[in-house]
Structure formats: C-alpha cells, structure tokens
Amino acid sequence: MLMRTDPFRDLDRLAQQILGTTARPAAMPMDAWREGEQFVVEFDLPGVDADTVELDVERNVLTVHAERPGRADSQEMVASERPRGVFSRQLFLGDNLDTDRIAATYESGVLRLTIPMAERAKARRIEIARTEERKAVNA
Numbered sequence: 018m019l020m021r022t023d024p025f026r027d028l029d030r031l032a033q034q035i036l037g038t039t040a041r042p043a044a045m046p047m048d049a050w051r052e053g054e055q056f057v058v059e060f061d062l063p064g065v066d067a068d069t070v071e072l073d074v075e076r077n078v079l080t081v082h083a084e085r086p087g088r089a090d091s092q093e094m095v096a097s098e099r100p101r102g103v104f105s106r107q108l109f110l111g112d113n114l115d116t117d118r119i120a121a122t123y124e125s126g127v128l129r130l131t132i133p134m135a136e137r138a139k140a141r142r143i144e145i146a147r148t149e150e151r152k153a154v155n156a
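Read in order, the letters of the sequence shown are residues 18 to 156 in my numbering.
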C-alpha cells in the first residue's frame, strides 16, 4: 500500500502542536460561479464564529480573514486534523464587478458572497442615430 506524505504539512502540524500556531495562514476551500448577472463565491469555514470573519475590499482585491481558536490547554488532543488559527484568502475581482454592492451571509459554516456585475459591464443596446438623407443639388 502506498502512503502519500507531505513533509511540509507534517512540519506545519508539528509547529502547530509545539508552538500552538501554524507556519502560514490556512487556506479556506472555495467555490465560485456565475449566476445570471452576479457572481457567487462560497467559502467553507466550519467551526468558525461569524464574529471572527472579516471582509475587506481594496482596489478590486477582496480579502477574507477568519479565525478558529485553538483548544483549551486542559484538553489533551488525541487527534488533531482540522486546522486552527488564522485563515486568509484573497480574490482579485475584475473591473466588471460592482465591489460597492457585495452582499455576505454566513450560515452553517459557509460564507456566501454575492457580487453583482457592474452596470457598465452589462450588455446593452446602442441606438444608431439616423442622419437626414443627402440630396443632390443641381447647379
């Protein structure tokens, strides 16, 4: 039987056990899709308190920060496979999205963002101005 091993993951787990922290912020799983005139993004954050989730947008970069606290010192861990500590993720949003109207909900450990398309990016019909017909003048 083959066993897959990741020495960096093992080292990160060891650092977490000894120091109570990870070497880098853990990434959060994400799905993103287009739904009509908006984009929907969902992040999996099970066990994270909604009050620890922070969303920031600056120059079309959406940053999501969250934190799942560690266990109390009085608890002796038998197995620890779920990451704890700080989670961070950045999304680079195109100019075709309206970052001023992002809506966010958090339910059952899933953070859902709805990002509407900007009005300037939506398809629109352009009217063609009609000019008067030219008439030949005989001189």
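Backbone N, C-alpha and C define an ideal beta-carbon position, used for all residues, glycine too.
As the structure is a prediction and not an experimental result, all values here were calculated from the model.
Task: Environment of Ala49 [buried if 16+ CB atoms lie within 10 Å] - done: Answer is exposed; the Cβ neighbour count stays below 16.
Task: Check whether Val170 and Gln107 have beta carbons under 8 Å apart - done: The chain is shown only over 18 to 156; residue 170 falls outside these bounds and no answer can be derived.
Task: Alpha-carbon to alpha-carbon, Ala83 and Asp68 - done: Rounded to the nearest angstrom, the two C-alpha atoms are 9 Å apart.
Open item on the list: Restricting to Cα atoms, I'd like to know which of Val70, Ile119, Ser125 is closest to Arg85.
Closed with: When each option's Cα is compared against that of Arg85, the closest is Val70.
- [ ] Mind checking who Pro86 pairs with in its DSSP beta bridge?
- [x] Residue pairing from DSSP leaves Pro86 without any beta-bridge partner.
Task: Residue range of the unbroken beta strand (DSSP E) whose run includes Leu110 - done: Where Leu110 is concerned, there is no enclosing beta strand (DSSP E), because DSSP gives it neither an H nor an E.
Open item on the list: Looking at the secondary structure, which residues open and close the beta strand (DSSP E) in which Met47 lies?
Closed with: Looking at the DSSP string, the run of the beta strand (DSSP E) that includes Met47 is 47 to 52.
Open item on the list: Is the separation between the beta-carbon of Leu62 and that of Gly126 shorter than 8 Å?
Closed with: Closer than 8 Å, so yes.
Task: For Thr122, the three-state DSSP class (helix, strand or coil) - done: In this structure, Thr122 counts as strand in the three-state DSSP scheme.
TODO: Spatial neighbours of Arg88 within its chain, please: CB distance less than 7 Å, with the 5 preceding and 5 following residues excluded, ordered by chain position.
DONE: Only Met94 meet the Cβ criterion.
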